[in-house]
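Under the numbering used here, residue 1181 is the last one in the sequence shown; the count climbs by one each step, no gaps.
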Amino acid sequence: MTVRLVSFIRTTLVGLSATLIVATAYTLSLKGPFESHDEDDEIVLVQPSSLQPYTVTLVEKLQMPGGQSRIGTTQVYALRSDGSFVESTDTLNPAWKGQRIAGRRIVSSRGVLMDVDDLREVKYTAAISPVQMARMLRNPASQCVRTLTGRPFAKSERLGSPEIRAGVRAVPITITDGTTMWYAVDLSCARLGRERVYDDGEVSVLEPTEIRSGEPEPELFMVSEVYKEVTREEFYGLPRVRNAGRK
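So this is what it looks like as structure tokens:
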């Protein structure tokens, strides 16, 4: 049960690619963009501001082995013409006793990454470099398998043949656990869906309910002034790391 819960969280939120509540899974998703090794020899080949702006809303449908079905996660992905982007997730899962998850990751072209918990009204802000930001976006010219720095987005990804999904040309990309995700080649590699079959036979399918080109709604990027800035440890619920040089 615990393994399934963590696995479900990782696949439904990455984008957020993780959850704002389960700290371990979320922290693993954060590690990539903040890695500094080899950054000196990595450059931004495609500027985020050259990508086409969009907004995509996806809704997850869960099909149980017994035939029952229910709605899972609602996700919103949006990219502005200045290269800023947001990933939003809202989940109400009966398996968690009705517990709701609502959060956003906002990455600004000014070099600021902000993770937001809209239920707790807290945020964690960090500075990122242009290379770190470019690592988080897919390059349409590579069939969405490479980042804007030219490196593979993930070594475990397998590219499939292009197809039409929700009226948009998309490429399927499969990872090692069998999960397949679809990205819009002609719309800045916007995520257009995901399908995963769990070990117990449950099927999770994310399908688009809205695909819109053009500037996203400003509200997606806005954070209320009442939201409290907290430390990384406070936001993710991690234990504080003691300074070994002090008692």
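For every residue, glycine included, the Cβ atom is placed at its ideal position computed from N, Cα and C.
Under 8 Å Cβ to Cβ from residue i, same chain only, skipping five residues before and after it: list those, please.
i, result
"Ser970", "For Ser970, the pLDDT reaches just 42, beneath the cut-off of 50, and the residue's location in the model is therefore unreliable, although a value from the coordinates is still provided. Correct list: empty, nothing qualifies."
"Thr1110", "Ser1090"
"Glu1055", "Ser1158, Val1160, Tyr1161, Lys1162"
"Glu1153", "none"
"Pro999", "Asp1134, Gly1135, Glu1136"
"Thr1112", "Note on residue identity: the sequence assigns Gly, not Thr, to residue 1112. Closer than 8 Å at the Cβ level, and outside the excluded window around Gly1112, lie Arg1130, Val1131."
"Thr1143", "Thr991, Leu992, Val993"
"Val1119", "Pro1074, Gln1077, Cys1078, Pro1096, Arg1103, Ala1104, Val1105"
"Ile1098", "Ala1104"
"Lys1057", "Met1048, Asp1049, Val1050, Asp1051, Val1157, Tyr1161, Lys1162, Glu1163, Val1164, Phe1169"
"Ser1147", "Gln986, Pro987, Tyr988, Leu1121"
Would you kindly report the start and end of the unbroken beta strand (DSSP E) that includes residue i?
i, result
"Ala1061", "1056-1061"
"Met998", "Taken as a continuous stretch (DSSP letters only), Met998 belongs to no beta strand (DSSP E), as it is neither H nor E."
"Glu1097", "1097-1099"
"Arg1166", "Run containing Arg1166: none in the beta strand (DSSP E); it sits in the alpha helix (DSSP H), 1166-1170."
"Val978", "Where Val978 is concerned, there is no enclosing beta strand (DSSP E), given that its DSSP letter is neither H nor E."
"Glu1129", "1124-1131"
"Asp1051", "1046-1051"
"Gln891", "Only positions 935 to 1181 of the chain appear in this structure, which leaves residue 891 out of reach."
"Ser1042", "1033-1042"
Rounded C-beta distance between residue i and residue j? I'm assuming under 8 Å.
i, j, result
"Thr1083", "Leu979", "6 Å"
"Ala1124", "Tyr1011", "6 Å"
"Tyr1075", "Ile1145", "Note on residue identity: the sequence assigns Ala, not Tyr, to residue 1075. Actually they do not touch by this definition, with Cβ atoms about 20 Å apart."
"Val1065", "Tyr1161", "That pair is no contact at about 28 Å."
"Tyr1117", "Leu1126", "6 Å"
"Leu1093", "Ile1107", "6 Å"
"Thr1025", "Gly1006", "7 Å"
Give every residue of the same chain whose Cβ lies closer than 6 Å to the Cβ of residue i, excluding the five residues on either side of it in the sequence, and list them in chain order.
i, result
"Gln1009", "Leu992, Thr1023"
"Ala1060", "Leu1047"
"Ser983", "Asp1016, Gly1017"
"Ser1042", "Ser1018"
"Glu1129", "Thr1114, Val1139"
Can you tell me whether residue i is helix, strand or coil according to DSSP?
i, result
"Val1119", "coil"
"Met1070", "coil"
"Glu1136", "coil"
"Ala1012", "strand"
"Ala1075", "helix"
"Pro1106", "strand"
"Pro1150", "coil"
Use the C-beta contact count for residue i: other C-beta atoms within 10 angstroms, 16 or more gives buried, fewer gives exposed.
i, result
"Ser1138", "buried"
"Val990", "buried"
"Phe1087", "buried"
"Pro1096", "exposed"
"Thr1165", "exposed"
"Glu1151", "exposed"
"Gly1037", "buried"
"Ile1035", "buried"
"Arg1004", "exposed"
"Asp975", "exposed"
Does the beta carbon of residue i come closer than 8 Å to any beta carbon on chain B?
i, result
"Asp1111", "No chain B appears in this structure, which consists of one protein chain only."
To which residues of the same chain is residue i closer than 7 Å at the C-beta, ignoring the five residues directly before and after it?
i, result
"Glu1149", "Pro987, Arg1014, Ser1015"
"Phe1155", "Ser1018, Val1020, Ile1040"
"Glu1168", "none"
Quick one: give me the first and last residue of the alpha helix (DSSP H) that residue i is part of.
i, result
"Glu1159", "Premise fails: Glu1159 is in no alpha helix (DSSP H) and is neither H nor E."
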